[in-house]
Every structure is written in C-alpha cells, then in structure tokens.
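Student:
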Amino acid sequence: MQWETVIGLEVHVQLNTVTKIFSGSSTAFGAEPNSQANLIDLGMPGTLPVVNKEAINKAIQFGLAINADINQHSAFERKNYFYPDLPKGYQTTQLERPIVGAGAVEIELADGSKKSIRIHHAHLEEDAGKSLHEDFHGMSGIDLNRAGTPLIEIVSEPDMRNAEEAVAFARKLHSLVTSIGICDGEMSQGSMRFDVNVSVRLAGEEKLGTRTETKNLNSFKFMEKAIALEVERQIDVLESGGTIDQETRLYNGDTHTARAMRSKEDANDYRYFPCPDLLPVMVTDEEIELLRNALPELPVARKERFVSQYALSAYDADILSGDLHLSNYFEGVAAVSGDAKLSANWVMGELASYLNRDDISIRQSPVSADQLGQMITRLKDGTISSKIAKQVFEACWNGEGDPDQVIEAKGLKQMSDSGELEKLVEQVLADNAAQVEAFRAADEGKQKKMFGFFVGQLMKLTQGKANPQQLNALLLKKLND
Amino acid sequence: MSLHDKTLKQLRDGLQQGEFSSRELTQHFLSRIASHDSALNAFITVTAEQALAQADAADKARAENSAGVLGGIPIAHKDIFCTQGVRTSCASKMLDNFISPYDATVVTRLKQAGVVTLGKTNMDEFAMGSSNETSFYGPVKNPWDTQRVPGGSSGGSAAAVAARLAPAATGTDTGGSIRQPAALCGITGLKPTYGIVSRWGMIAFASSLDQAGPMARTAEDCALLLQSMVGPDEKDSTCLNRKVDDYLSGLNKDIAGLTIGLPEEFFPKDLDGRIAESTQAAVRELEKQGAKVVSISLPSVKLSVPAYYVIAPAEASSNLSRFDGVRFGYRCKDPVDLMDLYKRSRSEGFGEEVKRRILVGTYALSHGYYDAYYLKAQKVRRLIRDDFARAFEKVDVIAGPTSPELAFNLGAKKDDPVTMYMADVFTIAVNLAGLPALSMPAGFIEGLPVGVQLIGNYFREDQLLNVAHRYQQATDWHQQSPVFGGDK
Numbered sequence: 043m044q045w046e047t048v049i050g051l052e053v054h055v056q057l058n059t060v061t062k063i064f065s066g067s068s069t070a071f072g073a074e075p076n077s078q079a080n081l082i083d084l085g086m087p088g089t090l091p092v093v094n095k096e097a098i099n100k101a102i103q104f105g106l107a108i109n110a111d112i113n114q115h116s117a118f119e120r121k122n123y124f125y126p127d128l129p130k131g132y133q134t135t136q137l138e139r140p141i142v143g144a145g146a147v148e149i150e151l152a153d154g155s156k157k158s159i160r161i162h163h164a165h166l167e168e169d170a171g172k173s174l175h176e177d178f179h180g181m182s183g184i185d186l187n188r189a190g191t192p193l194i195e196i197v198s199e200p201d202m203r204n205a206e207e208a209v210a211f212a213r214k215l216h217s218l219v220t221s222i223g224i225c226d227g228e229m230s231q232g233s234m235r236f237d238v239n240v241s242v243r244l245a246g247e248e249k250l251g252t253r254t255e256t257k258n259l260n261s262f263k264f265m266e267k268a269i270a271l272e273v274e275r276q277i278d279v280l281e282s283g284g285t286i287d288q289e290t291r292l293y294n295g296d297t298h299t300a301r302a303m304r305s306k307e308d309a310n311d312y313r314y315f316p317c318p319d320l321l322p323v324m325v326t327d328e329e330i331e332l333l334r335n336a337l338p339e340l341p342v343a344r345k346e347r348f349v350s351q352y353a354l355s356a357y358d359a360d361i362l363s364g365d366l367h368l369s370n371y372f373e374g375v376a377a378v379s380g381d382a383k384l385s386a387n388w389v390m391g392e393l394a395s396y397l398n399r400d401d402i403s404i405r406q407s408p409v410s411a412d413q414l415g416q417m418i419t420r421l422k423d424g425t426i427s428s429k430i431a432k433q434v435f436e437a438c439w440n441g442e443g444d445p446d447q448v449i450e451a452k453g454l455k456q457m458s459d460s461g462e463l464e465k466l467v468e469q470v471l472a473d474n475a476a477q478v479e480a481f482r483a484a485d486e487g488k489q490k491k492m493f494g495f496f497v498g499q500l501m502k503l504t505q506g507k508a509n510p511q512q513l514n515a516l517l518l519k520k521l522n523d
Numbered sequence: 032m033s034l035h036d037k038t039l040k041q042l043r044d045g046l047q048q049g050e051f052s053s054r055e056l057t058q059h060f061l062s063r064i065a066s067h068d069s070a071l072n073a074f075i076t077v078t079a080e081q082a083l084a085q086a087d088a089a090d091k092a093r094a095e096n097s098a099g100v101l102g103g104i105p106i107a108h109k110d111i112f113c114t115q116g117v118r119t120s121c122a123s124k125m126l127d128n129f130i131s132p133y134d135a136t137v138v139t140r141l142k143q144a145g146v147v148t149l150g151k152t153n154m155d156e157f158a159m160g161s162s163n164e165t166s167f168y169g170p171v172k173n174p175w176d177t178q179r180v181p182g183g184s185s186g187g188s189a190a191a192v193a194a195r196l197a198p199a200a201t202g203t204d205t206g207g208s209i210r211q212p213a214a215l216c217g218i219t220g221l222k223p224t225y226g227i228v229s230r231w232g233m234i235a236f237a238s239s240l241d242q243a244g245p246m247a248r249t250a251e252d253c254a255l256l257l258q259s260m261v262g263p264d265e266k267d268s269t270c271l272n273r274k275v276d277d278y279l280s281g282l283n284k285d286i287a288g289l290t291i292g293l294p295e296e297f298f299p300k301d302l303d304g305r306i307a308e309s310t311q312a313a314v315r316e317l318e319k320q321g322a323k324v325v326s327i328s329l330p331s332v333k334l335s336v337p338a339y340y341v342i343a344p345a346e347a348s349s350n351l352s353r354f355d356g357v358r359f360g361y362r363c364k365d366p367v368d369l370m371d372l373y374k375r376s377r378s379e380g381f382g383e384e385v386k387r388r389i390l391v392g393t394y395a396l397s398h399g400y401y402d403a404y405y406l407k408a409q410k411v412r413r414l415i416r417d418d419f420a421r422a423f424e425k426v427d428v429i430a431g432p433t434s435p436e437l438a439f440n441l442g443a444k445k446d447d448p449v450t451m452y453m454a455d456v457f458t459i460a461v462n463l464a465g466l467p468a469l470s471m472p473a474g475f476i477e478g479l480p481v482g483v484q485l486i487g488n489y490f491r492e493d494q495l496l497n498v499a500h501r502y503q504q505a506t507d508w509h510q511q512s513p514v515f516g517g518d519k
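Going down the list, the protein sequences come from chains B and Y. Residues 43 to 523 (our numbering) make up the first sequence, in order. Residues 32 to 519 (our numbering) make up the second sequence, in order.
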C-alpha cells in the first residue's frame, strides 16, 4: 500500500525579552532554582499580571516577517488546569484572538525545490515552570524560574508531507526568529520546542487520518527521528488492521522510543475564558509600521546580499545567511580580513568542524570573528602559511591568545628572509648530496616527483615556517645551478 | 463626646489640634476591641503591638510637621487585603497560615497617608456570602442585634465601624459586599467606579467585579478615606490611568436641580413596604433640598442575579485555582500523590460556599456550556450597562433600597443559597456595569437600620458623596449608636 504522511507543527519560541511576559523577573537561563520567581511568578494571592510590551512587539515582528495579518485587537485568555509547575492553576495564553493571524513560510528542499508552508496563526503565552523529579527523596521539586517566560506558539497548517519538509520548516523558523532577533535560538536550553502532529493516509485519499501529537522535541535531529518512528508505527498499526488513537506521545531521544502520554479521553477541559486581569492588546497602524521599519534584514534578503556583495556561491550564501549569529560572525570575519571567499571557507570549514566537535553554538565560539579575521589577514599577507594557519586557529580556540600573539609566542612566522632560507637550502642540499645528484640526472617527469623530498626536508627543518613560494623558487634555482 | 463617637473628620481635626495623641486614640480603640469584640467577632486578627508602634510613629511625624493627611488615625482592613508580615486569611482555612510577604496597594496608600492599622476584619470566606456566616473564623454578629447577621461579605468591617471599634474600615464589593453590610449595620459605604482603586494585593474573588472602597459612619468620612485609596497603579492593568478627583471640596454643594431617578425595578410589588417607605422618605428629604425626582426603568436589571452568579463563580473558579497546597496556604496531611494533595488540600481547605461557587463556575466554563452560560451572561452584562447609560442621559443619580430586607437572623438562610443570593438583588447590577454606588443609613425598622442606595454615573463618586453628605446634614440616622453585648 502507498501511504502519504501528513505533518503539522506547533512551535514554541521563547522570546528573548529581558523580563517575563507578566512580571519584572529576569528571563536569564541557568540561575539557581526559584531565584528568578517573584510574587507574581509564584502566583501569590492578590498579585496581578502586567503585560510586557516588548513581548507584544516581538510577536508582531514575527508576524511581519512571515507576512501574516497582525490582529490589532488581540486578547489574553486563561487556560485552566492543575499542575505543580503552573503556579496560578491556569496558563495565560491567547485563543480566540491571537496576535498573529495567517501567514506563510517558504522552505527550500535538498533538491532545490521550494514549498510554501502556511501558518494558521501565532499566539502569545507564558511558559510554565519545571518539575524536578530527582534528588528530592521521592518528592518533586518545582523551579519557577522559567514560569512566565514569554512564548509565541506558531501553529502551522498540516502542509508537510515528510520529515525532511518538517525539519526544513523548523530550521526556517529557527533562522527567521534568530535573524529578526526575537529568540536566542538556543535549542539545548529549550528556546525552541516542537510539537509534531503526524497522521498517515492512503495515497490519493482526501480525508486526513487520525493524528497523534508528539510533544516537546528540542532538536532537529530528534524531530526527524521521532517523525520517522511515528510514521512507521502508524503504518504498522493500520496495515495490521488496527486504528490510530488520537493521543499525545512522548519521544525519548536517548533510546529512540516513544510512548503514549495521554489519550483524547483523558484530555483536560481547559475552560478557556478571557483573562479579566488584562486589558485587550490594541496595536495601532503607526506602531506596526514602526516595528516593520525596525525589522532587521530577513534571511532571504541576506542571502541575496551575500551573493551580490561578497560574490559568494548560492550554496555558501544559503548556509551563511541561515543563522543570524553565523551571518554576523561571517560578516565580522570578512570585514576584518577583507577577503569574503577565504572568510566563508574558514567559517564553514575549520570553525564549523570545531563547533561541531565541541557541540557548541557559534555564539559560544572561543575564537572571535575579529580573531579569525586577523588570522586570515596574516594568511593573506604571507606571515603564515595555510598549514600554519590551522595551527594558529587551534591555539586561538584553546585560548592561547590573539593570532599575532600565538604566531609570535610559537615562532610561527613564515621564514621570508631569503638569506636565511638560502643558507638552509644549501645545508639540505649539502646533507643530501646523493639525492641532489639523482635529481640532476633525472628527466623532468621524475624531477617533479623528487622535488617534494627536498621541500619536505626543508619544512621539517623550518617547522613548516618557510614561505612555500619562496622556498620553491630557491630550491629550483639551487638544484639547477 | 468620647473618642470612639467622633467621626474620622473629627478625629483628624483633634489630632491636628493636639487634643489627643495617636497613641491615646489607638489605645482607646484597642481597648474597645478587647472588651467588645467577643460579642461581635468582627476581627480575625488584632495587631495591637504594630498599631501602637504605628501610632507612636504618627505622633512623632506630627511633632515634626510631617504627618500624612490621615496621620495617626486608626482604621481596620478587611482581611482580603494583603498586609506584609501579618496573617491575611480571607477568612478561609486555606489561608489561616498565610503571612503575606507584601502590602496591597490600598494598604500602602493608606499607610502613606499615615493611618494606623488596628487589625484585620472578619468577612465571608473569599468574600463569598451576604451574611458573614461563611467565615472559617465564625460568623460576625450585627451590633444592633447580635442574634442577627451584619450582612456580607464585608460584615466585619461594617460591624466594627457600627460598634465604634474602629472609626472607619476598608471593604471590598463584588456584588454588594460593601453596601449591603453597610445598610444592615447602619453605616455609610461606597463602592467606587471599577478601576479607580487598585486591586493589587486584594485577594481576587471575581476580578472583573471586585472593587475596594471605604466604610465609615458618614459620607464625609468615606470621602476622606477614599481620597487616600484611589489613583493609578502600574501593578494593576485594570486600574485606570486618570487624574485623581477631589472628593472633599464639593461635599456641601447645593443639590437643587439635581435629578434623581427611581427605577421601578427597585420597588417590586413584594418589597417590604417599610423598606420602600424608608427609601421614599429619604428621597423626599432630597426633594425638599431641591432635587427633582423622576421615575425610570432599568428593564435588564432583573437579569443581574443570574448573570452575576455565572460570571462571578466562573472567574472565581479560575482565581482560586492557585490555592492548591503546593506553594502556600493549607496542605493536607500526608498526601500519597499529587492528585491526593490537590483533592484533599482543596476539599479540606475550602468551605462549603466557596466549593459551591467553584463548582458552579467550573460548570459554566465547561466545554459545551460556555456559550449558554458565560457568553450569555456577558451579553446580559452589556444590556445592563446600556440600561444604566440610557438612564444617566436623563438623571444624575439613581436611588433605591440597598437591600430588600433587614438584617436577618443568624442561620436563617444557611441552607438556602438561592434566597441568600437574592439579598444582593439591588446591588449586583452596579458591579456588572462597573458604576459607583453608596449605601447610607436612612432610618430604622424595629430597631434595625435601613440603607438607601445611591448609584452614580462613572467617576461621579463626588456627586454621590455630595448627595449623601447633604442628606446627612439634614438627618441623624448615621449618628445612632447600637447597644450590644452589655455596652453602655
């Protein structure tokens, strides 16, 4: 049987406001538990929320970035349910009047084809705290630092047909929200979390199959794997004559397994109603225009600019424009070094592989854009060779100082003094008289092969610091003398 | 005249002129509370030590010429207002152990004005009730007849002021909780326009209806207290950002030419004739002073009780979710798991009436019932507001009885919630519309006080206080003092 997969995403994006959506507490990640939870975040009796205008503005900017309708009159509602990390017993969110209406995001697939994914809406809401189940002697601990962190929940239409499209869409959103500066994009800290709605149907079937929702995936890798696993499961069930239950599932990335968390039957009745503590959010045309004008360059525009301004290939431009921090880093390197192509190669090559190896993001790179730019400058002006450059980069990565300091401290400067180099060449030729003899006797073809031996000897002697062009010229001259 | 018979205004003047110190005054009221409150149960917590310290500070400020406008005057707060370092119980077992870590804005503002806090007054649990019988700390008794209820939910504040245990007190009014007990205890109480007094630190019952206001013996005293309670507050989004009105300078304005509307719906056929007559008599007094009286109709007001008993419980069901035994307040003993913790903490921590309203509200918001109940009630609310808007095109003030009945016997309605809910039939529409209204003493029937309600247009507290003050210049109902528990 031929099955078609249908996927829709709900994406939670933490907005990078300084304070929470309804209180003045900091939203910084990683603080001591409950050190960033004030009276409001604790849900103390008598406390009231006051909406953070920054969160509203960032949500609107997202809407503008996807060409969505901005609802100039939106409202907060209460979603009522009991959970220990939900201090008020309700989550303040939006339902009937979300701030961002319908829009669309275009994704590009590996084969170069493009597809538009429709966004149903995006709404503002507050994040919950965290329940900690370890180290409490059979009890649970509650950390409310995260409670009240502003989120936008982006709800897509079921427009994706496979995991590749879903991941491309997720990556595109990541690129968008980091580019317009509304989210730090740190997936490992939960800054973006994905709920994936998956169903399958027979090819050609109009009606959607029963869907399941796999919640809280926080990496593209897990998302891809979780979708594959769920599609496989659903097809297995259906092909063996079973039916799919509408349920919420949890995916475990460590074991690559998933389990049902709750079925539709025991779903909560959230008893949504307008929050009487908050006024409707009214946004004027003027405010929207101001926010539109303040919108930073979008990834699509940046990619075009990288091609025209830096003469990068479409492929390189696509990679470098996809993530704001990566883009900024690249442009920083290019500005300092004055060589965009070389900068692009280093950023996507050496730097990317180190980041990957240490599993850290570009923002945590120990080598700054400035440093990499300086190093490339030294590469270009002949102070160091590309081979030595890798050594310099590694030293910078390990925190041994700026490129110039590293070059100086380790004596990595290319030997460009021809007098000194000439002496060394003469010494090598003298020490290897037999090989010199053989070289001189050989034909041109053989000579080419034998030439490498002398280069190797000299590089060993100079610890790689000899300027290759100079060395080649000197060697040739002496060998043919 | 003994200190406790003086009005807030007289006490303020006396302190200013150095006739007595705040310490003497505070000690006097603390002594009265100590000797008389056992008969009334008006206070949940008396903060004697703190009160005397505040009094000393007020006397010192007075000596240094830096006293606030109410410097050194002792008052009481309804136990719904958070008071830092002091138990704030909302008259519930749920919060019996709750020491608030912060002050409500109303408390802060009055502190800044220099008041001394005598203690926290009894109330219906979470302000849910019209008789003050739902309190975890037991019912409050009406000082005019201790077999009877003082009204509710601000019954402790009303009884304390009526019995001269405090010169004035704060109250809150969600459906009549300031006005009805004011009427039943023979004092003056004002529910301001929704949004002019901050709700920060006032434990929420029904957020879109709750409003704090002053309770005192005279309209003038209410004006004095209100003046120090109002104003914008960035901590409350629903608190209006508007300039503070002057409630004192216009108190004596002539009311000649003022139009008073009498809604036919406030004088139903089955209304106690004696209450109707007391109300009419009060209106005649205002007429005598030059006011014009016209008959009006507020057709949708008859729907206010059902609409209110959907909206208020709906909001309450959500507002009270935070009382879950996890972070503060009552927690059941030895919960076996999370569900057990929730269920038992809430079952054991809340009283019957609170549970009833949580259930009603939960039902009204449930999937499939929302449109029929909550949404319908909101539509009714708009109709009621429109009724009032039309009326205020023709009249300045609307008058009627505050309560359809006199203070009733303790326990008389305990098992009949619907009859109890009807006690607020004349007051609820005002909350649904967000209008200001006050209740003032307008006579006695069989020794029990009768109150008249005056309803004003938005932000016209000044006009209501003016009319009530003029009325009180011509009458002495508000000066009557109850005899109770061996007093006098």
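Cβ coordinates follow ideal geometry from the N, Cα and C atoms, glycine included.
Determine the chain Y residues that contact B:Asp-311 at a beta-carbon separation under 7 Å, and present them in chain order.
Tutor: For the purposes of this step, residue 311 of chain B is taken as the residue at position 269 of the first sequence. Within chain Y, the residues near B:Asp-311 are Ser-397, His-398.
Student: Exposed or buried, B:Ile-402, counting other C-beta atoms within 10 Å across all chains shown (16 or more means buried)?
Tutor: One-based indexing of the first sequence puts residue 402 of chain B at position 360. With fewer than 16 other Cβ atoms within 10 Å, it is exposed.
Student: Which residues, in order along the stretch 227–251 of chain Y, keep a beta-carbon less than 8 Å from a beta-carbon of chain B?
Tutor: Those residues of the stretch 227–251 of chain Y that come within reach of chain B (Cβ to Cβ, closer than 8 Å) are Arg-230, Trp-231, Gly-232, Met-233, Ile-234, Ala-235, Ala-237, Ser-238, Ser-239.
Student: Using a cut-off of 8 Å between C-beta atoms, extract the partners of B:Asn-187 located in chain D.
Tutor: Checking the listed chains, one finds no chain D in this structure; the protein chains it contains are B and Y.
Student: Under three-state DSSP, which class holds B:Phe-264?
Tutor: As a first step, residue 264 of chain B must be located in the first sequence, where it is residue number 222. If DSSP states are grouped into helix, strand and coil, B:Phe-264 belongs with the helices.
Student: Flag Y:Ala-403 as yes if its beta-carbon sits less than 8 Å from any beta-carbon of chain B, otherwise no.
Tutor: As a working mapping, residue 403 of chain Y is identified with position 372 in the second sequence. No, Y:Ala-403 lies away from the interface with chain B (no Cβ there is under 8 Å from its Cβ).
Student: Just curious, the beta strand (DSSP E) that Y:Lys-222 is in, first and last residue?
Tutor: Working through the second sequence from its first residue, we reach residue 222 of chain Y at position 191. Here the beta strand (DSSP E) through Y:Lys-222 covers 219–222.
Student: Can you give me the C-alpha to C-alpha distance between Y:Arg-501 and Y:Ala-158, rounded to a whole angstrom?
Tutor: What you label residue 501 of chain Y is simply residue 470 of the second sequence in a count that begins at 1. What you label residue 158 of chain Y is simply residue 127 of the second sequence in a count that begins at 1. Each residue's alpha carbon lies about 31 Å from the other.
Student: So, for B:Lys-100: in the same chain, excluding its five sequence neighbours on each side, which residues have a beta-carbon less than 6 Å away from its beta-carbon?
Tutor: Taking the first residue of the first sequence as position 1, residue 100 of chain B is located at position 58. If we look at B:Lys-100 and ignore the five residues flanking it on each side, its Cβ neighbours are Leu-57, Ile-224.
Student: Compute the Euclidean distance between the alpha carbons of Y:Leu-42 and Y:Ile-291, then round it to the nearest angstrom.
Tutor: Stepping through the second sequence from its first residue, residue 42 of chain Y is reached at position 11. Stepping through the second sequence from its first residue, residue 291 of chain Y is reached at position 260. Distance between the alpha carbons of Y:Leu-42 and Y:Ile-291 is about 33 Å.
Student: Assuming B:Pro-316 contacts B:Glu-119 under a Cβ cut-off of 8 Å, what Cβ separation, rounded to an integer in Å, is found between them?
Tutor: Here residue 316 of chain B is taken as the residue at index 274 of the first sequence, counted from 1. Here residue 119 of chain B is taken as the residue at index 77 of the first sequence, counted from 1. Indeed they touch by this definition, with Cβ atoms about 5 Å apart.
Student: Give a yes or no on whether the C-beta atoms belonging to B:Phe-372 and B:Val-389 are separated by under 8 Å.
Tutor: To locate residue 372 of chain B, count along the first sequence from 1; it is residue 330. To locate residue 389 of chain B, count along the first sequence from 1; it is residue 347. Closer than 8 Å, so yes.
Student: Less than 8 Å separating the beta-carbons of B:Ala-110 and B:Gly-145?
Tutor: By 1-based counting over the first sequence, the position of residue 110 of chain B is 68. By 1-based counting over the first sequence, the position of residue 145 of chain B is 103. Their beta carbons are under 8 Å apart, which means B:Ala-110 touches B:Gly-145 by this criterion.
Student: Where does Y:Phe-74 fall in DSSP's three states?
Tutor: On the second sequence, residue 74 of chain Y is found 43 positions in, with the first residue counted as 1. Y:Phe-74: strand per DSSP, three-state reduction.
Student: Could you please give the first and the last residue of the uninterrupted alpha helix (DSSP H) stretch that includes B:Phe-370?
Tutor: What you label residue 370 of chain B is simply residue 328 of the first sequence in a count that begins at 1. Looking at the sequence shown, residue 370 of chain B is not Phe but Asn. Run containing B:Asn-370: 366–379, per the alpha helix (DSSP H) assignment.
Student: Please work out which residues of its chain come closer than 6 Å, Cβ to Cβ, to Y:Ser-512, disregarding the five sequence neighbours upstream and downstream, and give them in chain order.
Tutor: To locate residue 512 of chain Y, count along the second sequence from 1; it is residue 481. Cβ neighbours of Y:Ser-512 beyond the five flanking positions: none.
Student: Less than 8 Å separating the beta-carbons of Y:Met-32 and Y:Phe-112?
Tutor: Taking the first residue of the second sequence as 1, we reach residue 32 of chain Y at position 1. Taking the first residue of the second sequence as 1, we reach residue 112 of chain Y at position 81. Not closer than 8 Å, so no.
Student: Could you tell me which chain B residues have their CB closer than 7 Å to the CB of Y:Tyr-133, listed as they occur along the chain?
Tutor: Locating residue 133 of chain Y in the second sequence gives position 102, counting from the first residue. Those are Leu-81, listed as they occur along chain B.
Student: Whose Cβ in chain B lies nearer than 7 Å to the Cβ of Y:Arg-388?
Tutor: As a position in the second sequence, residue 388 of chain Y is number 357, starting the count at 1. Correct list: empty, because the minimum Cβ distance to chain B is about 14 Å.
Student: Is B:Lys-172 close to chain Y? Criterion is C-beta to C-beta, closer than 8 Å.
Tutor: The sequence position of residue 172 of chain B within the first sequence is 130, counting from 1. Judged by the 8 Å Cβ criterion, B:Lys-172 is not in contact with chain Y.
Student: Using a C-beta to C-beta distance shorter than 8 Å, which residues of chain Y count as neighbours of B:Phe-124?
Tutor: Within the first sequence, numbered from 1, the residue matching residue 124 of chain B stands at position 82. Those are Ser-352, Asp-355, Tyr-373, listed as they occur along chain Y.
Student: Please go through the same chain and pick out, in chain order, the residues whose beta-carbon is closer than 6 Å to the beta-carbon of B:Gln-276, but skip the five residues on each side of it.
Tutor: In the first sequence, residue 276 of chain B corresponds to position 234, counting from 1. Val-242, Ile-286.
Student: When the distance is taken between beta carbons, is B:Asp-311 closer than 8 Å to Y:Ser-352?
Tutor: Locating residue 352 of chain Y in the second sequence gives position 321, counting from the first residue. Locating residue 311 of chain B in the first sequence gives position 269, counting from the first residue. Against a cut-off of 8 Å, the Cβ pair of B:Asp-311 and Y:Ser-352 comes out as no contact.
Student: Please check the pair Y:Arg-210 and Y:Asp-36, which I expect to be a contact at CB under 8 Å, by giving their CB distance rounded to whole angstroms.
Tutor: In the second sequence, counting from the first residue as 1, residue 210 of chain Y sits at position 179. In the second sequence, counting from the first residue as 1, residue 36 of chain Y sits at position 5. Actually they are not in contact, since the Cβ atoms of Y:Arg-210 and Y:Asp-36 sit about 24 Å apart, beyond 8 Å.
Student: How big is the Cα-Cα spacing for B:Val-478 and B:Gln-447?
Tutor: The count along the first sequence starts at 1 and reaches residue 478 of chain B at position 436. The count along the first sequence starts at 1 and reaches residue 447 of chain B at position 405. Their backbone Cα atoms lie some 39 Å apart in a straight line.
Student: Tell me whether B:Arg-235 sits in a helix, a strand or coil according to DSSP, three-state version.
Tutor: Counting from one through the first sequence, the residue named residue 235 of chain B turns up at place 193. Residue state, collapsed to three classes: strand.
Student: Is there a Cβ of chain B sitting closer than 8 Å to that of Y:Lys-519, yes or no?
Tutor: The count along the second sequence starts at 1 and reaches residue 519 of chain Y at position 488. With a pLDDT of 44 at Y:Lys-519, under the threshold of 50, the modelled position of this residue cannot be trusted; read the value that follows with caution. Chain B contact via Cβ: absent.
Student: Are Y:Tyr-373 and Y:Asp-355 touching if we call contact CB-CB under 8 Å?
Tutor: On the second sequence, position 342 is the one that residue 373 of chain Y refers to. On the second sequence, position 324 is the one that residue 355 of chain Y refers to. Closer than 8 Å, so yes.
Student: Using the C-alpha atoms, what's the distance from Y:Thr-393 back to B:Ala-208?
Tutor: If you number the first sequence from 1, residue 208 of chain B lands on position 166. If you number the second sequence from 1, residue 393 of chain Y lands on position 362. One C-alpha to the other measures close to 38 Å.
Student: In whole angstroms, what separates the C-alpha of B:Leu-51 from that of B:Ala-107?
Tutor: The count along the first sequence starts at 1 and reaches residue 51 of chain B at position 9. The count along the first sequence starts at 1 and reaches residue 107 of chain B at position 65. Whole-angstrom Cα-Cα distance: 18 Å.
Student: Determine the contact status of B:Val-375 and B:Gly-424, defining contact as a CB-CB distance below 8 Å.
Tutor: Counting from one through the first sequence, the residue named residue 375 of chain B turns up at place 333. Counting from one through the first sequence, the residue named residue 424 of chain B turns up at place 382. In this structure, B:Gly-424 does not lie closer than 8 Å to B:Val-375 by Cβ.
Student: Considering only residues of the same chain and omitting the five flanking positions on each side of B:Ser-68, which have a CB-CB separation below 6 Å?
Tutor: Here the question's residue 68 of chain B lines up with position 26 in the first sequence. Gln-78.
Student: In whole angstroms, what is the alpha-carbon distance linking B:Leu-517 and B:Ala-483?
Tutor: Stepping through the first sequence from its first residue, residue 517 of chain B is reached at position 475. Stepping through the first sequence from its first residue, residue 483 of chain B is reached at position 441. Cα to Cα, the separation comes out at about 16 Å.
Student: Whole angstroms are fine: how far does the CA of B:His-163 sit from the CA of B:Phe-104?
Tutor: Taking the first sequence and counting its residues from 1, one reaches residue 104 of chain B at position 62. Taking the first sequence and counting its residues from 1, one reaches residue 163 of chain B at position 121. Taking the straight line joining both Cα atoms gives about 11 Å.
Student: Going by DSSP in three states, Y:Asn-440 sits in which element: helix, strand or coil?
Tutor: Here the question's residue 440 of chain Y lines up with position 409 in the second sequence. Looking at Y:Asn-440 - three-state DSSP - the assignment turns out to be strand.
Student: Would you check if the distance between the CB atom of Y:Asn-72 and the CB atom of Y:Pro-170 is smaller than 8 Å?
Tutor: Locating residue 72 of chain Y in the second sequence gives position 41, where the first residue counts as 1. Locating residue 170 of chain Y in the second sequence gives position 139, where the first residue counts as 1. Yes. Within cutoff.
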